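These protein sequence lines map, in sequence, to chains A and B. Under the numbering used here, the very last position in the first sequence is 344; numbers go up by exactly one each time. Under the numbering used here, the very last position in the second sequence is 312; numbers go up by exactly one each time. Ideal Cβ positions, reconstructed from N, Cα and C, are used throughout, including at glycine. Values in this document were obtained by computation on a predicted structure and should not be read as measured data.
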Amino acid sequence: MAEVLVLVDHAGGRLRKATAELLTAARRLGEPSAVHIGPGAEKAQVTLAKYGAHKVYVVDDADAGSYLVAPQAEVLAALVEKTSPAAVLVPSNAAGKEVAARLAVKTGSGMITDAVDVRQGGDGIETTQSVFAGSYTVTARVTHGTPIICLKPNSVPIEAGPEAGTVETVDVTISDGAKAAKITDSQPKKSTGRPELTEAAIVVAGGRGTGGDFGPIEGFADSLGAAVGASRAAVDAGWYPHSSQIGQTGKQVSPQLYVAAGISGAIQHRAGMQTSKTIVAVNKDEEAPIFELVDFGIVGDLFAVLPQATDEVKKRKG
Amino acid sequence: MNIVVCVKYVPDAQAERSFQDSDSTVDREAVDGLLSELDEYAVEEALKIVEAQGEGEVTVVTVGPAAAADAIKKALQMGADKGVHVADDAIHGSDAAATSLVLAEAVRKATDGAPELVLTGMSSTDGDMGVVPAMLAERLGLPQVTYASELTLGDGTVTIRRDGDVASETVEAAMPALVSVTDQINEPRYPSFKGIMAAKKKPVETWSLADLGIDAGQVGLDAAWTRVVSFAKRPPRSQGEVVTDEGDGGARLAEFLAGQKFL
């Protein structure tokens, strides 16, 4: 069976959830071979094997981590040449897409971004994407080279499927040209104790209506074990960091439950959340466009509604 | 320093965008187009740099159908000095890889093969891929310094702050370089009346594929490395229950969530 290369998504010595999703998806297409670039492979091996990696290619090159994107693309290009895989799967985040992009040009291959599903079709590997702010669903295929698929987080349900995960160390010489953009510093995001926005099953987001006070948002989120997001208006006002922004120029999320409080629902925001499975909104303005999307909506003051809901949720959860 | 800004003409994201039934490409006719909002930040950043340095020119480059001239026009109105429009019917239906090929050749030609700084937005608002800047860097052999939310020019270097999912990174490279900027980097100016009038006199060159030495067979729909097999409009979400808070809104919310098994 053909190999499927899976780029391992890891940060700060830990595997990110996307890796398990990619491996699960890769199993539909062939035999997954995880590609671990940078330190930490030994620790990761057990988990990679658990989610289906037959092999783990380890490239423990110091340069690969200190330079932006280009070295990883070179590593993958070398492995594509060596293994002639059926596909390469990569996380659909900024860095992942850029690695995929450079790999696509290097190998003359088609690439697909933000796939929410990938499967073996009759005519080859097929993907599903949600485009134009979620208003269209597209089925697509790669028609040239080795399909490079960027998979959106939270799209493929994770399934264990243990395999050997045999480690194979790979030596790749990184060219000088790839060592041009140096990462001179990295400040990890402060941990809030809450799930990461693109990985969370539930997201509670606040907008202009909070007036800068995200207390009720955070309280409600914590009662549900949810991630906290913010509209562009809230981020531009400096109330919440850009890393929490949901929208066209922020994160696009598709959780099981999305609660929008004090958010009017302009198209820039909708582009970031309108494929969520269940949508709830709280807004003082009954005309707010967000209400067109909701499965349940409350016209009211979030400062009254959310705290009450929080208490009620806590009571029910015991 | 002379700066080249690559921009895209896109269907208005506020309008109802769609695909053409004939060939499954984006319908660029049915909806009004404009300069991609995210590219305004790149144009603005270029203008700020040349203004701060007191010298240099901003050239705006676009690849697109005839109407894409409007994207150049807007950039010129903001203050860019000249425009380059690559227009050729054969380009219709190009994928990101082919688009980056054409842009790379246009940048080379516009800078006599020696670009100093190439700026782009972080992604287009129609394709939404965010990959052309990286492909451009790959093709031009320039350092890729992308997703900048802050940018500083040093002595022959460019340093940016790049905010990712898990960390904020500082990335530094020697010039010449390719830089993409996010919507966090600045506030794009509105064209002034003076700027609008001045734009009318600014030079815009139009180039074909032949002018760039690119064979038509390398670009366009048939040459694309991916294919849209089918597309379908998502049925609009039907609105569920909307209630007014009469002192019990929160409780009703909790009840709804319980019913949906979220608790």
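Buried or exposed by the 16-neighbour rule on C-beta atoms within 10 Å, applied to residue i
i: B/Tyr58; result: buried
i: B/Tyr90; result: buried
i: A/Gly241; result: exposed
i: A/Gln213; result: exposed
i: A/Lys277; result: buried
i: A/Arg342; result: exposed
i: A/Thr28; result: Here residue 28 of chain A turns out to be Ala, not Thr, going by the sequence shown. The residue is exposed, with fewer than 16 neighbouring Cβ atoms inside 10 Å.
i: B/Lys282; result: exposed
i: B/Met246; result: exposed
i: B/Glu78; result: exposed
i: A/Arg40; result: exposed
i: B/Phe242; result: exposed
i: A/Thr195; result: exposed
i: A/Lys178; result: buried
i: A/Ala190; result: exposed
i: B/Ser287; result: exposed
i: B/Tyr239; result: exposed
i: B/Pro192; result: buried
Within-9 Å CB hit, residue i to chain B
i: A/Val320; result: yes
i: A/His170; result: yes
i: A/Glu194; result: no
i: A/Gly235; result: no
i: A/Asp89; result: no
i: A/Arg54; result: no
i: A/Met137; result: yes
i: A/Gly64; result: no
i: A/Pro97; result: no
i: A/Pro183; result: no
i: A/Val114; result: no
i: A/Gly187; result: no
i: A/Phe240; result: no
i: A/Gly191; result: no
i: A/Gln282; result: yes
Chain A contact for residue i (CB, 9 Å cutoff)
i: B/Met184; result: yes
i: B/Asp72; result: no
i: B/Asp214; result: yes
i: B/Trp256; result: no
i: B/Tyr239; result: no
i: B/Ala273; result: yes
i: B/Leu312; result: yes
i: B/Glu89; result: no
i: B/Pro192; result: yes
i: B/Asp175; result: yes
i: B/Leu306; result: yes
i: B/Gln69; result: no
Straight-line gap, residue i to residue j (C-alpha atoms, nearest Å)
i: A/Asp86; j: B/Ser173; result: 34 Å
i: A/Ser270; j: A/Ala60; result: 29 Å
i: B/Gly132; j: B/His141; result: 21 Å
i: B/Ala64; j: A/Pro315; result: 15 Å
i: B/Glu106; j: A/Asp248; result: 52 Å
i: A/Glu313; j: A/Gly238; result: 22 Å
i: A/Gln155; j: B/Leu125; result: 35 Å
i: B/Val167; j: B/Asp144; result: 21 Å
i: A/Ala99; j: B/Thr195; result: 15 Å
i: A/Ala126; j: A/Pro333; result: 44 Å
i: B/Gly205; j: B/Gln233; result: 24 Å
i: B/Leu84; j: A/Val144; result: 33 Å
i: B/Trp274; j: A/Gly344; result: 54 Å
i: A/Gly288; j: B/Arg188; result: 45 Å
i: A/Ser161; j: B/Asp72; result: 19 Å
i: B/Ala117; j: A/Leu33; result: 37 Å
i: A/Glu244; j: A/Lys205; result: 41 Å
i: A/Ala112; j: B/Pro225; result: 37 Å
Under 7 Å by beta carbon: chain B residues contacting residue i
i: A/Ala247; result: Residues of chain B passing the Cβ test: none, with the nearest at roughly 13 Å.
i: A/Val101; result: Under the 7 Å cutoff, chain B gives no residues; its nearest Cβ is about 15 Å from A/Val101.
i: A/Ala260; result: Those do not exist, as A/Ala260 stays about 14 Å from chain B at its closest Cβ, beyond 7 Å.
Contact list for residue i against chain A, beta-carbon separation under 9 Å
i: B/Ser217; result: Asp211, Ser212, Gln213, Pro214, Lys215 and Ser269
i: B/Thr231; result: His268 and Thr275
Contacts that residue i makes with chain A (C-beta to C-beta distance below 7 Å)
i: B/Phe242; result: The premise fails here: B/Phe242 is roughly 27 Å from chain A at the closest Cβ pair, so nothing lies under 7 Å.
i: B/Ser143; result: Neighbours of B/Ser143 on chain A: none; closest Cβ ~12 Å, over 7 Å.
Anticipated Cβ contact below 8 Å, residue i with residue j, distance rounded
i: A/Val82; j: A/Leu74; result: 5 Å
i: B/Pro164; j: B/Val53; result: 6 Å
Contact set between residue i and chain B, taken where Cβ atoms lie within less than 8 Å
i: A/Lys123; result: Met178, Gly179, Val180 and Ala183
i: A/Asp327; result: Asp294
i: A/Lys208; result: Val220, Glu221 and Ala222
Residue i: contacting residues in chain B (beta-carbon distance under 9 Å)
i: A/Pro333; result: Gly299
i: A/Glu152; result: Val278
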